[in-house]
Each structure stands twice: as C-alpha cells, then as structure tokens.
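Residue numbers (the working numbering): 19 to 719. Using N, Cα and C, we set each Cβ at its ideal position, and we do this for glycine too. Comments concern the structure below.
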Ligand code: C2E
Ligand code: MG
Ligand code: MG
C-alpha cells in the first residue's frame, strides 16, 4: 500500500513537473510572442491575462478580469468593441476588431483583438480563447494612406483635367467627375467598364499606340491628337501606375482652333490675303523636295513705279492698289500655283506645270497682261507695270534658296532692262552678277588707288556765248576693264554706301579745280540721293568750299527728283540748309522719271536742267518741242536758270536761243574734258574762241 502510494506520489510529482514545465513554456511563449493570449468564460467574463498585460497597461491582471478590461480601452472604442463582443457571444462565432489600448504612460496604441470559442461536443461554448496583437504601425499606415487617398481624390476632382485610371486589363478603376461627364455623356462608359468596349473605334489609333507605349516603357507619354468621333482635339498625358495607367486629358479644341487661326494668320499677308514670305518659303521648300516629280519654277514680280504711287497718292491708295494687283494676279495663275506677296510691291509665284502643261513663260506673259489695263482706285486711273524674273529648278540647285536666288537674279536683270521686262534666268546672268560683285569690290579701292578722276563739261551761256561754268563728271579707269561709265558704277557705289566718301572726294576735287578758274565761273557737282540722306552734307560741302577758298555762290549741286520722292521732308531740310549757305541747287534730268510738276513747288530750285532726250528731238518731234518750250517758260516764270542738256548740233542751239533758254550743255558746246583742258578754256582771254565746241576733248562721251 505504502509502495502504491509512493508510486502514485511519483506519478503525481512527474505530472506536476510536466504541468509546471508546460506552464513555464507557455509563459515564455507568451512573453516572447507579440501576441497576448487571454481566456474568457462562456458568458464573456475575462478569466485570464498574461503578466505582459500589466506591463503594457499598468493595470493589474486581477482588476481587469470579468469586465474590468474596459478600463484599459479608449473611451471612443469601448462601445463598438462591446458590440462586437456581444455579437460573438450571441452567435458563438469568431470575431475580431481593432481598438485603442490606453498604455501605462497614457499613450494610445492600436491593437487587434481576435477571439474564437472552444465548443463542447453538444455545441455549447466551453471557453473563449483570444489574442491581442499590436496593430499600431499597420493602423497608422492605413490611416495615412486613407488620408493621402482622400487628398489625391480631392486633387483629382479639383483639377480641370479629365482623369481616368485603368488597370492592365484596360478596366476603368477611377474617373474624376470631369472624365465621368466626358465619357458617360458621350459613350455611357462607367467605372468597371473596359476602355476598348467603350471606345472600340479607337483601337489601333494613336491612342492605343501611346497607351501601350506607356505600359511597355513604364514612362509617361504626352501627345496631342484629334478625336476620332468628332473634330475636337485632346491633349493627353498617359502615366503608368503600379497596376495600369492613369490618363490625364483635356479638351484643347478651342485652343487648337485659336492657334491654327494664328498660324494661318502668321502665314497670310494681311493686306492682300495672299501667302506671305514665311508660307512662300515653306511651300517652296516642299516643292523643291518633290522637284524630281515635277519641274518647279519661281517667278518674282516687282511693280515698277509703285513707290511713286505711294508717295504721290498716299499709302491708303497704294494699299488698295496692291489688293487690286493681287486679285488680277490671282486670276492669272494656275490652280496648283502658289501666289505670295513677299512684302512691299514684291510678289512671287511658285509654278508647277499642270495637266494643261502651261509653261512658266506663258504664266509670266499672263501676269504681265494684268497691267495692260489701268487700275482704278478712288476714281483715279493708275497705269502700272512690272518686272518679272523667272527661274526653273535645275539639277544643280542644292536648296530651294538656289532656285529663289536664280529668280532674283533674273528679276534684277529685268529691272535693269527697264519697265515691263520679263527675264528668265540663265547661267550668264549669274556670271554678270558675279562680275558686278567683283566690280563693287574693285570700286572700293579705286579711290585709294587713284583710278578715279573728274572731267568737266562746259556750260554755255546762250545769250552771251561765253562759258558760264562746267559740270564735274566722275570717271573710273579700271586696271583691266578700262573706262567704266558712271551710269554703271555710281549705282554700285550707292549700293555699298561708298558714294558718301566718293562724293566728298568729288566735291573737294571739283571745288579745288574751280578755284583755278575766274571767279565768275560756276562749278556743278552731281549729288546722289544717298549723299543727301546724310544730314552732315551741308558741313561737308562747306568744308570743300572753304578748303578750296571759293564762294558758295559758285557751287551748283545737281540733284534728281528722286531726292524729293523718298524721305522728302528730311532731304528738303538738307537742301534748304545748303541753299541758305549760298549754294545753288539745280534739278537735273528734268522730264524723266516720274516728273511731277509738284516737285517744283516743294523746293525753290535755282536751275532746271532739261534731260537730253528732249533736246535730241528738236526739229523732229513737235511734241518734244512743245514740252521744251513749256519747260523753258515755266523755268523763267519761276526765276530759274534754264539749261538744256545734250545739245549736239548748232540747230538745236539756235532753237534753244530762239526759245529763250539760258544755258546749253552738250557735245556741240563742249565735250567733257580733262582738268587741264577746262582750266585752259576757262582762262582764255577775251577774243579767243569761247566755245569749246571746236575743241572736243578725247575723253568726252
Ligand atoms: P548727268 O548729270 O545728267 O550728266 C550728263 C551726262 O550726259 C554725262 O554722262 C555727259 O557725259 C553726258 N552728255 C553731255 N553732253 C552730251 C551730249 O551732247 N550727248 C550725249 N549723248 N551725252 C552727253 P556721264 O558722264 O556718263 O554721266 C552720266 C550720269 O552719271 C550723270 O548724268 C550723273 O547722273 C552721273 N554722274 C556722273 N558723274 C557723277 C558724279 O561725280 N557724282 C554723281 N553722284 N553722279 C555722277
Ligand atoms: Mg548732272
Ligand atoms: Mg543730266
């Protein structure tokens, strides 16, 4: 018996050891685990909590048993938690909830509680086993993400963009209100729909291509494109997301229309509505690129005398005239031709031979015919003409600019050849232009190298038969080309601006020459319009006079009427300053150019020089004679000296004498001669032959 008791005691001791061991293991497990186990009776009364509870809450296990745990729960969470617990107790089902535990230091910390019943075989509940698990980090993260989601949502709703988010299967997971309106109103699309079910007609379009590109590359794609089902335009920004795409888009139809209109405007000449230079250049480049398929030609047109119309009739009339010219041109060109106004009175056509095979030459003729009839503006009949240069594309052209340049050279040539000329580009033209360029360079050094000199042509006082003075005429002996006429090189010097320096030299030379003549002889010097534009001209003239020591009254400056055409007010001021200094001003080449008598009113000229083309007609053309007579009478009425140029015969001189002209200049009265010869002539004593006619100088022309 005693033995059995000893055995039983051992077994009990062993079992107790085992239980103790399990208990220790359980406690260790509890302390090591991040889960806090607890146990409750079937009615919900808490029966057991581990010591960790006390560590966390600062509350003793004893005071928390039964319903005491409520004291450790944040007041806001007590009711929801109780409700869930009640629900579990009444249904006997598992439950879980998050709540905030009040920690020992007063902080709140999120925990998740889970509970499951242990049931007897009859289904009755024997125990409730539960755990508490720290859920703080998860809850804080969830809270933050909820907040940022709410923030993102607010942003997405407040943006003016339409926003659509879709997954990788093109299923729409989000649309902001803007996008909802856009997609739902047009296609009844909604969240959950597959994009291509809503927009089957957009499959294979720009849209699909760019969306797929964003998905494949993981990079945003931005593009503008037209809508397929309307003529609207969208600007889209497609951004890849972790599980699909977010598409931000906006309707830019209005913006696009406005910018298209601006571009169109930027490409139109406001005055005529024709293409402007920018559009012309673009069209020419395109035409040039396709030149292998079709010949391309360029025609450049420049209106002759347009400037004069503008200056005399005013800009509003000039503008209306340009519009009328544009209309006539428009009806002359072919359907495929591009007509542009490049600026001012310059027009251009890009011509591509059409089915009817009309050549560029024929087109040029047709354009020229636009000028056969007068233009009528405000009841005024205006006769215009144009110069036309044409060029056909050639295999040698390397860019559209070559073609344009060729046409420009041809136009330049046409203008040189006088009003109403049409010139087609040929290689010789380019060479001549090149020669001109070279001549410009040569002229630049001609003055320094002493290749320029002055010759002097006498002016005969018709009544007394004595030499009244002489006109200085510049000459250039080119080292290889020989004598070049001023008609050729003065325009070059005007182009380069060299005329100012050259003009100074001429003035000084001429004045110094006149200083060697008797005091009553005048010296005439031609002044280019370019020189007059320089407001320091009066000072330069006075310097030349004082340098030579001659009186201002002995100097006559010859200007042409073009001086009064352009920048006339400034030029007239310069002329007045000169006249006030005592210098005489002569109007040269009267009767040529635009010759409006109103010019004579705009400045009190001292002398009128009738162009030689009229004098040549004396004895042949009664009309010319009538003009010379009228000009002479007018000159006398305005107290001007009247000088006739180009007097080549005695008959002409007699006619001029009979008609009261004051002076004659021409080969009959004396050719242009070298300085020494004119000096001799001027200083000849009375009684010696006064006319230089019998004494032609070899340099005269
Ligand atoms: P312009 O001022 O009208 O000069 C008269 C031109 O007629 C001169 O030509 C002269 O040689 C020419 N001439 C004179 N008598 C007769 C004649 O009986 N028959 C014919 N057929 N011609 C005659 P040039 O020297 O060739 O000068 C031409 C133009 O060049 C001048 O016309 C003038 O506009 C300009 N020019 C000449 N020298 C100068 C100058 O030193 N400075 C400026 N700025 N221009 C000049
Ligand atoms: Mg002259
Ligand atoms: Mg003249």
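Span of the beta strand (DSSP E), counted from its first residue to its last, around residue i
i, result
"residue 57", "53 to 58"
"residue 90", "That residue, residue 90, is in no beta strand (DSSP E); it is neither H nor E in DSSP."
"residue 550", "Taken as a continuous stretch (DSSP letters only), residue 550 belongs to no beta strand (DSSP E), being part of the alpha helix (DSSP H) at 547 to 550."
"residue 316", "315 to 322"
"residue 185", "180 to 185"
"residue 208", "Here residue 208 belongs to no beta strand (DSSP E), and DSSP marks it neither H nor E."
"residue 517", "Not the beta strand (DSSP E): residue 517 falls in the alpha helix (DSSP H), residues 516 to 532."
"residue 576", "573 to 577"
"residue 608", "602 to 608"
Straight-line gap, residue i to residue j (C-alpha atoms, nearest Å)
i, j, result
"residue 20", "residue 136", "41 Å"
"residue 112", "residue 139", "17 Å"
"residue 686", "residue 670", "9 Å"
"residue 328", "residue 546", "22 Å"
"residue 60", "residue 107", "8 Å"
"residue 54", "residue 82", "14 Å"
"residue 468", "residue 397", "56 Å"
"residue 345", "residue 295", "18 Å"
"residue 549", "residue 504", "16 Å"
"residue 399", "residue 326", "14 Å"
"residue 167", "residue 159", "12 Å"
"residue 458", "residue 514", "8 Å"
"residue 712", "residue 366", "Residue placement at residue 712 is flagged as unreliable, the pLDDT there being 44, under the threshold of 50; the coordinate-derived value follows with that caveat. So the alpha carbons of these two residues sit roughly 54 Å apart."
"residue 386", "residue 576", "36 Å"
"residue 121", "residue 101", "22 Å"
"residue 461", "residue 589", "27 Å"
"residue 410", "residue 423", "11 Å"
"residue 3", "residue 621", "Look at the range of the chain in this structure, 19 to 719, and you will see that residue 3 is not part of it."
"residue 28", "residue 95", "51 Å"
Nonlocal neighbours in the same chain, by C-beta distance under 6 Å from residue i, ignoring five residues either side
i, result
"residue 181", "174, 194, 197, 266"
"residue 403", "322, 389, 437, 438"
"residue 183", "191, 192, 264"
"residue 301", "356, 368"
"residue 583", "329"
"residue 493", "471, 473"
"residue 378", "315, 369, 408"
"residue 558", "522"
"residue 710", "At residue 710, the pLDDT of 47 sits below 50, so the modelled position is not reliable; the number obtained from the coordinates is stated separately. Closer than 6 Å at Cβ, skipping near neighbours: 476, 688, 699."
Classification of residue i by the beta-carbon crowding that lies within 10 angstroms, buried from 16 upward
i, result
"residue 18", "This structure cannot settle anything about residue 18, because the visible part of the chain is limited to 19 through 719."
"residue 401", "exposed"
"residue 369", "buried"
"residue 314", "buried"
"residue 631", "exposed"
"residue 689", "buried"
"residue 170", "exposed"
"residue 247", "exposed"
"residue 806", "Coverage of the chain is limited to positions 19 through 719, which leaves residue 806 absent and any answer about it impossible."
"residue 499", "exposed"
"residue 572", "buried"
Proximal residues to residue i (C-beta, below 8 Å), its chain only, five neighbours per side dropped
i, result
"residue 454", "510"
"residue 624", "574, 597, 602, 603, 604, 658, 659"
"residue 341", "289, 290"
"residue 517", "508, 511, 546, 548, 549"
Closer than 7 Å: residue i CB and nearest ligand 5 heavy atom
i, result
"residue 576", "Here the bound small molecules are ligand 1, ligand 2 and ligand 3; ligand 5 is not part of this structure."
Cut-off 7 Å between Cβ atoms - residues of its own chain near residue i, not counting five sequence neighbours on either side
i, result
"residue 84", "63, 64"
"residue 592", "550, 553, 555, 556"
"residue 664", "630, 633, 634, 684"
"residue 376", "352"
"residue 432", "405, 406, 407, 439, 440, 441"
"residue 200", "180"
"residue 271", "250, 251"
"residue 392", "399, 400, 401"
Start and end residues, alpha helix (DSSP H) containing residue i
i, result
"residue 277", "271 to 284"
"residue 204", "195 to 205"
"residue 668", "668 to 676"
"residue 72", "69 to 75"
"residue 633", "630 to 633"
"residue 541", "Element bounds for residue 541: not the alpha helix (DSSP H) but the beta strand (DSSP E), 540 to 544."
field: Residue ranges of each beta strand (DSSP E) within the stretch 385 to 443, 3 or longer
entry: 393 to 395, 398 to 400, 403 to 410, 440 to 442
- prompt: Which ranges does the alpha helix (DSSP H) cover as unbroken runs of at least 4 residues, wholly within the stretch 77 to 153, from first to last along the chain?
  reply: 79 to 82, 93 to 109
message: Which complete alpha helix (DSSP H) runs does the stretch 219 to 261 hold, if anything under 4 residues is left out?
response: 224 to 235
message: What ranges does the beta strand (DSSP E) occupy inside the stretch 350 to 378, keeping only unbroken runs of at least 3 residues that lie completely in it?
response: The stretch 350 to 378 contains, as complete beta strand (DSSP E) runs of 3+ residues, the segments 356 to 361, 364 to 369 (chain order).
Segments of 4+ residues assigned as alpha helix (DSSP H) that fall wholly inside the stretch 437 to 520: 445 to 464, 504 to 514
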